[in-house]
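Residue numbers (our numbering): -2 to 510. Report on the following structure.
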């Protein structure tokens, strides 16, 4: 029967539904300028300084016709504020007095005077200083310090264009099919709605959630301060040993991708501190109460007659969520690096290097109500790394010990070969489970003991939980360390690097990927 009705509607030209979108176009641009001066100052035969100064200007992204949002104004006045606050005063919740209930704050938009999605950052001055000092004929000390700017282009995440896209839905009938108003010849009898753009100002998207954007127009480029000092010593028999300390400190970094920050979260004082599920708090926050915004936001998510209690407790109750990209992240790195090299002698070169390092970052908020990001080991934190590298020139071929007078064809086939060996070992890196970490539980037991039978006594564990590590209120471990890794790479290659021939079958697979 339904099929027949659908066929009849098709033959009569009556659509059952549909929509058309007016999506925002964009023509973005970022202006970049850079100046750099550098000079070498030779103080004496033993001491040389390298001095440099760089300045960069990376302008904020702009859109040719100013079709983009420009931050979030927490003090913006809204059209619905007076009516909403009056309605709330007539029926407040005990946790929030009428004087503390405010409906204000909204999006800002670009204008002819302020076209960028954020303010320009003019402070990117980057000094550089380096030196080299020859202690004696066999010993050299080198060092350097510099500040670098982190390109902001990778942090803006494009242009945010709320209000510049609009969808229009086909409404076939206003009286459940008694009268048909939309046909295939005229599916939109009321016309296609055009995007309002920035015409609604701070009232744009009131009643719904705001997507990812830089809420603070005072964005600043991240800065990275780096320094290093090393001592190199030449030993007998063409051995060279070097020890170095390398450090880095970065600040004003954009938070880790996927770690958007909701500036409209429920205040901390209303949340539970229990280490287990707190049903009483959940029930309290999700209980329905009268909505002071009811009837003021037609068609929006927050126009219903009731809302959950937690919605009224938010700093901006007229929005369900305001997801932003903060830029108060930081990171640090320190390492001791050691290198032992046997320079080319009798056709043999060897290089051994070892690095002990520690990397930390503050790029993730553990909770939305935290005042600052959590400090943790970085995903690039590899404490130990050892590399052995050797090259041996097979003594046959042109300019080698044997076969110097070999026929050119023989030399091309069998001459001037080298054998190289690379062996690497490193300790495991921090396993944070991607963006969000491993969560509250990590299993290190026998996976064969995990059962799939969920029937039986529901009070009995489905599998042995002794292999699990559970976080409790006093322990807040945010990750584990992966196992150590080692890798070897043996290969035969032509000395002139024309081609490389793998000596293990798996090297073919390595090259294919």
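Positions of the beta carbon are idealized from the N, C-alpha and C atoms, including for glycine.
Pairwise C-alpha distance: residue j and residue i
i: residue 403; j: residue 221; result: 56 Å
i: residue 82; j: residue 194; result: 27 Å
i: residue 330; j: residue 426; result: 14 Å
i: residue 39; j: residue 47; result: 9 Å
i: residue 245; j: residue 89; result: 52 Å
i: residue 432; j: residue 384; result: Because residue 432 carries a pLDDT of 42, less than 50, the predicted location of this residue cannot be relied on, and the following value inherits that uncertainty. One C-alpha to the other measures close to 30 Å.
i: residue 84; j: residue 185; result: 37 Å
i: residue 364; j: residue 250; result: 18 Å
i: residue 118; j: residue 63; result: 19 Å
i: residue 422; j: residue 344; result: 26 Å
i: residue 264; j: residue 314; result: 12 Å
i: residue 551; j: residue 72; result: Lying before the first or after the last residue shown, residue 551 is absent from the chain, which here runs from -2 to 510.
i: residue 11; j: residue 166; result: 14 Å
i: residue 199; j: residue 375; result: 39 Å
i: residue 298; j: residue 5; result: 36 Å
i: residue 116; j: residue 171; result: 48 Å
i: residue 243; j: residue 121; result: 23 Å
i: residue 66; j: residue 354; result: 42 Å
i: residue 19; j: residue 325; result: 36 Å
i: residue 359; j: residue 247; result: 10 Å
i: residue 328; j: residue 190; result: 48 Å
i: residue 15; j: residue 181; result: 11 Å
i: residue 13; j: residue 3; result: 8 Å
i: residue 506; j: residue 419; result: In this prediction, residue 506 scores a pLDDT of 40, lower than 50, which makes its location untrustworthy; no coordinate-derived value is stated.
i: residue 55; j: residue 196; result: 29 Å
i: residue 176; j: residue 183; result: 15 Å
Buried versus exposed call for residue i [16 or more other C-beta atoms within 10 Å across all chains shown]
i: residue 322; result: buried
i: residue 9; result: exposed
i: residue 29; result: exposed
i: residue 146; result: buried
i: residue 361; result: buried
i: residue 307; result: buried
i: residue 257; result: buried
i: residue 510; result: Per-residue confidence for residue 510 stands at a pLDDT of 35, beneath the threshold of 50, marking its modelled position as unreliable; the derived number appears in the next sentence. Classification for residue 510: exposed.
i: residue 260; result: buried
i: residue 217; result: buried
i: residue 58; result: buried
i: residue 35; result: exposed
i: residue 174; result: exposed
i: residue 113; result: buried
i: residue 593; result: No information on residue 593 is available, as it lies outside the stretch -2 to 510 that the chain covers here.
i: residue 203; result: buried
Within-9 Å CB hit, residue i to chain C
i: residue 370; result: Of the protein chains in this structure there is only one, and it is not chain C.
Bounding residues of the alpha helix (DSSP H) (the contiguous stretch that carries residue i)
i: residue 408; result: 405 to 411
i: residue 16; result: From DSSP, residue 16 is part of no alpha helix (DSSP H) but of the beta strand (DSSP E) over 16 to 19.
i: residue 279; result: 276 to 283
i: residue 83; result: 78 to 87
Unbroken beta strand (DSSP E) run spanning residue i, endpoints
i: residue 419; result: 414 to 423
i: residue 270; result: Segment: none, residue 270 is in no beta strand (DSSP E) and carries neither H nor E.
i: residue 141; result: 136 to 146
i: residue 72; result: 66 to 74
i: residue 122; result: 122 to 133
i: residue 224; result: 220 to 232
i: residue 242; result: 236 to 250
i: residue 51; result: 44 to 55
i: residue 399; result: Here residue 399 belongs to no beta strand (DSSP E), and DSSP marks it neither H nor E.
i: residue 22; result: First-last for residue 22: undefined, no H or E at that position.
i: residue 103; result: 101 to 106
i: residue 394; result: Here residue 394 belongs to no beta strand (DSSP E), and DSSP marks it neither H nor E.
i: residue 119; result: Looking at the DSSP string, residue 119 is not in any beta strand (DSSP E), and its letter there is neither H nor E.
i: residue 263; result: Counting along the chain, residue 263 falls outside any beta strand (DSSP E), and DSSP gives it neither H nor E.
i: residue 31; result: 29 to 39
Proximity test, residue i beta-carbon vs the ligand ADP heavy atom, cut-off 8 Å
i: residue 281; result: In the structure shown, the ligand ADP is absent, as is every other ligand, since no ligand is present at all.
If you scan the stretch 302 to 387 from start to end, which runs of the alpha helix (DSSP H) of 4 or more residues do you find wholly inside it?
-> 306 to 310
Check whether the stretch 94 to 113 touches the stretch 231 to 246, taking contact to mean three or more Cβ pairs, one atom from each stretch, closer than 8 Å.
-> A contact is defined here as three or more CB-CB pairs under 8 Å, and the stretch 94 to 113 fails this definition with respect to the stretch 231 to 246.
Say whether the stretch 378 to 394 touches the stretch 406 to 415, bearing in mind that this needs 3 or more beta-carbon pairs closer than 8 Å, one atom from each stretch.
-> yes
Indicate whether the contact test is met: 3 or more Cβ pairs, each with one atom in the stretch 272 to 290 and one in the stretch 363 to 377, closer than 8 Å.
-> no
May I ask you to verify whether the stretch 46 to 60 touches the stretch 114 to 131, counting CB pairs closer than 8 Å and requiring at least 3?
-> As far as the Cβ criterion goes, the stretch 46 to 60 touches the stretch 114 to 131, which means the pair count is three or higher.
Any 3 or more C-beta pairs closer than 8 Å across the stretch 393 to 400 and the stretch 348 to 358 = no
Complete alpha helix (DSSP H) runs within the stretch 167 to 225 (minimum length 4 residues, chain order) = none
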